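FYI, the UniProt record's numbering numbers position 120 of the sequence shown as 120, with every residue one higher than the one before it.
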Amino acid sequence: MKILIVEDEKELSDVIAGSLEKEHFVVETASDFHSASEKIALYEYDCILLDITLPGGNGLQLLEEAKRTGKEENIIIISAKNSLEDKISGLALGADDYLTKPFHIAELNARIKAVLRRKKLDGKNIIEIANLSMDINERLVTVSGHTLQLNRKEFDILNYFLFNKNRLVTKTALAEHVWGDSIDNADNFDFIYYQMKNLRKKLQEAAAAIEIESVYGVGYKLVEK
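See the structure below:
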């Protein structure tokens, strides 16, 4: 899962990022309006944590623009402003939740997981496709009731494919989602090939009733057998 933190207070941004990384999220940050606008336009995220007051502009403008252009990210507003008007405006524009500073990091983590469950899992923690089951919170995958041992990246890759079943996933989109925006600096995607090779082998050996097909020259697609 990939999170963008839009927050100009570096200390708070670092604390949030550290906490989310411990929860195995891929985390990106933006500290001003223009860098946030660029990242939101160029990349896809599972959730955006959005401060209202930013250098160079207002966070609500970013929210409005994201919704206008059809972006589907979950958006949680995090702001020191505690006025009812700001909260109503944010929710009316399409924000999924609103959290007022100061807040406990544990509460923020809970809010993030809650909005992800609501939008992607209909409130559940578990994805089930064919004979495979993935528990998002426990980071546990089973095939026909037997645990499938995956490393962190293999789990994140499979998680992304399960959310995009039957959809073409390009190598670039997969790399950005699992490894973060810094992937732009990579010379090639050989590292994806090796991770995919190992993941597909494990799924096959476990007799999973799903497979990740290669789409020549473009990427991959997860389908039921």
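Every residue, glycine too, gets a C-beta built ideally from N, C-alpha and C.
Source: prediction; values computed, not measured.
TODO: Determine the direct distance from the alpha carbon of L99 to that of S79, and round the result to whole angstroms.
DONE: 7 Å
Task: Alpha-carbon spacing of N137 relative to N125, whole angstroms - done: 6 Å
Open item on the list: Just verifying my parser: in three-state terms, what is the DSSP assignment at A30?
Closed with: strand
Open item on the list: Between which residues of its own chain and G59 is the CB-CB distance below 6 Å, once the five residues before and five after are set aside?
Closed with: L50, D51, I52
TODO: Kindly indicate the opening and closing residues of the beta strand (DSSP E) around E211.
DONE: 210–215
Open item on the list: Give me the DSSP bridge partner(s) of M134.
Closed with: I127, V141
Open item on the list: So, at 7 Å on beta carbons, what are the nonlocal neighbours of L63 in its own chain, with the 5 sequence-adjacent residues on each side left out?
Closed with: L50, I75, G90, L93, G94, A95
- [ ] Determine the extent of the beta strand (DSSP E) in which V223 is found, giving its start and end residues.
- [x] 219–224
Open item on the list: Pull the bridge partners of H104 from the DSSP assignment, please.
Closed with: For H104, which the question treats as bridged, DSSP gives no partner whatsoever.
TODO: Return yes when the Cβ of I3 is within less than 7 Å of the Cβ of C47, no when it is not.
DONE: yes
Task: Among N159, W179, E205, D190, the one whose alpha carbon lies nearest that of K221 - done: N159
Task: Residue-chain proximity (Y194, chain B), Cβ-Cβ < 7 Å - done: The displayed structure is made up of one protein chain only, and chain B is not part of it.
Open item on the list: Quick check on DSSP: helix, strand or coil for S79?
Closed with: strand
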